[in-house]
Amino acid sequence: MNSKILELLGSDADYLLKHECKTVCKSKLHLPGPDFVDRIFAPTDRNPQVLCALQRMFNTGRLAGTGYLSILPVDQGIEHSAGASFAPNPDYFDPENIVKLAIEGGCNAVASTLGVLGMCSRKYAHKIPFMVKLNHNELMTYPNKFDQVYFAQVEQAWNMGACAVGATIYFGSPESTRQIVETSIAFKRAHELGMATVLWCYLRNNAFKKDKDYHVAADLTAQANHLGVTIEADIIKQKLPECNGGYNVLEKYGKTHKLVYEKLTTDHPIDLTRYQVVNCYMGRAGLINSGGESKGAGDLAAAVKTAVINKRAGGMGLISGRKAFQRPMKEGVELLNAIQDVYLDKDITVA
5 MNSKILELLG SDADYLLKHE CKTVCKSKLH LPGPDFVDRI FAPTDRNPQV
55 LCALQRMFNT GRLAGTGYLS ILPVDQGIEH SAGASFAPNP DYFDPENIVK
105 LAIEGGCNAV ASTLGVLGMC SRKYAHKIPF MVKLNHNELM TYPNKFDQVY
155 FAQVEQAWNM GACAVGATIY FGSPESTRQI VETSIAFKRA HELGMATVLW
205 CYLRNNAFKK DKDYHVAADL TAQANHLGVT IEADIIKQKL PECNGGYNVL
255 EKYGKTHKLV YEKLTTDHPI DLTRYQVVNC YMGRAGLINS GGESKGAGDL
305 AAAVKTAVIN KRAGGMGLIS GRKAFQRPMK EGVELLNAIQ DVYLDKDITV
355 A
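Sequence positions in the sequence shown follow the numbering used here and run 5 to 355.
Shown next as structure tokens:
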């Protein structure tokens, strides 16, 4: 096994690498692999152009041919404001540097806004798969509100040569019903035009903050995933679960079952993430977990730990942005490569 990975995992190495998942057996999952498009998507209603788009992503970057994905997402200029996102490294106010980081970092694709990718599409759209994020939460309205609204049209992504489109739904929010309808329409059109679809299945409601932050509860995020694959998201992006039992602490909310907690999950992060994979149609739609915010010196170790959890749970990869672009490009490339090394290491197996 890669000694650098062991070093970065530190005292968590045995806890994460030797864990045996006894909730849902890995034999029941549809796991990533070189034949994933043929095995999983070819029998579906996706047209051949979508299969081509997916295959192009799977065959790009350092993870080409593995069935795993490493994606650089930089939509934070809108989602978190440009100043908050790019002040740590002003080079990334320039869209070209975002694309360069994804290429130098060996990513399968670069995900960003219509404006960022459109600004340099003629130079780079044929060099690395583009994923256009269609909707965003803007933080200019006062007081701040949290609502994903469409900034771009599917046809604009297609015209610039994008391989895929992405969108976010804030499940649990008062606006989620509208967002579900809008995104379902957009994903249908994207598939008609031959592009893959990626959904950020996030939770958003102040009521989800109790004794813990249940926005990252395994049971709630897993159901968000299940709604995401229902509108034919080919790939699901979700935050790594940090707790469980969200349904049990919210009064008169939704439905769950005691076996979710007694049989299908434990408190181990790999088992909690396994439940997220299970709700992505047993892995037929790939689960990519979020890399999370940058916290400085510990980012490299945190990114590797997240990758190990995702891979061993049966996930498809990581989508990591701020940890990579909020530092010098050389260090950002090293962080992306460290994540990819987890998926390239054959000694790190599905639990």
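C-beta: ideal position from N, C-alpha, C; glycine also.
Exposed unless 16 or more other CB atoms sit within 10 angstroms - verdict on residue i
i, result
"E297", "exposed"
"N101", "buried"
"S15", "exposed"
"M5", "exposed"
"T64", "buried"
"Y347", "buried"
"T211", "According to the sequence as given, residue 211 is Ala; it is not Thr. A211 should be labelled exposed."
"Y174", "buried"
"N163", "exposed"
"C29", "exposed"
"K350", "exposed"
"S31", "exposed"
"P133", "buried"
"P178", "exposed"
"G295", "buried"
"P245", "buried"
"K104", "buried"
"D217", "exposed"
"A91", "exposed"
"P147", "exposed"
"N51", "exposed"
"A113", "buried"
"D303", "buried"
"S7", "exposed"
"A301", "exposed"
Within 7 Å, strictly: CB atoms of residue i and residue j
i, j, result
"Q80", "S74", "no"
"H23", "H272", "yes"
"A156", "L203", "no"
"A222", "N248", "yes"
"T201", "D238", "yes"
"K214", "V253", "yes"
"Q280", "L291", "yes"
"A355", "R331", "no"
"G321", "G287", "no"
"G165", "Q53", "no"
"G176", "N209", "yes"
Euclidean distance between Cα positions of residue i and residue j
i, j, result
"Y154", "S125", "20 Å"
"R326", "H219", "20 Å"
"T234", "H34", "17 Å"
"N283", "L10", "30 Å"
"Q152", "H195", "21 Å"
"N293", "K243", "5 Å"
"G109", "L339", "8 Å"
"A129", "F62", "16 Å"
"L13", "D95", "31 Å"
"D3", "L121", "There is no way to answer for residue 3, as the model of the chain reaches only from 5 to 355."
"R66", "I184", "34 Å"
"A17", "I352", "11 Å"
"Y285", "A305", "30 Å"
"L55", "A68", "15 Å"
"I44", "N314", "19 Å"
"N343", "A289", "A small correction: the amino acid at residue 343 is Ile; Asn does not occupy that position in the sequence shown. Going from the Cα of I343 to the Cα of A289 covers about 21 Å."
"A328", "L207", "24 Å"
Cβ distance (whole Å) where residue i is taken to contact residue j below 8 Å
i, j, result
"C205", "K149", "Not quite, the Cβ-Cβ distance comes to about 20 Å (not below 8 Å), so this is no contact."
"G71", "P38", "6 Å"
"V41", "L20", "Actually they are not in contact, since the Cβ atoms of V41 and L20 sit about 29 Å apart, beyond 8 Å."
"S116", "K137", "6 Å"
"M135", "A168", "4 Å"
"E158", "R193", "According to the sequence as given, residue 158 is Val; it is not Glu. Contact holds; Cβ gap of about 4 Å."
"A171", "N139", "5 Å"
"I323", "P36", "The pair is not a contact, with the Cβ atoms about 14 Å apart (cut-off 8 Å)."
So does the region 297-316 actually touch the region 252-260, counting three or more Cβ pairs closer than 8 Å? no
How do the region 188-202 and the region 263-281 stand: do at least 3 beta-carbon pairs fall below 8 Å, yes or no? no
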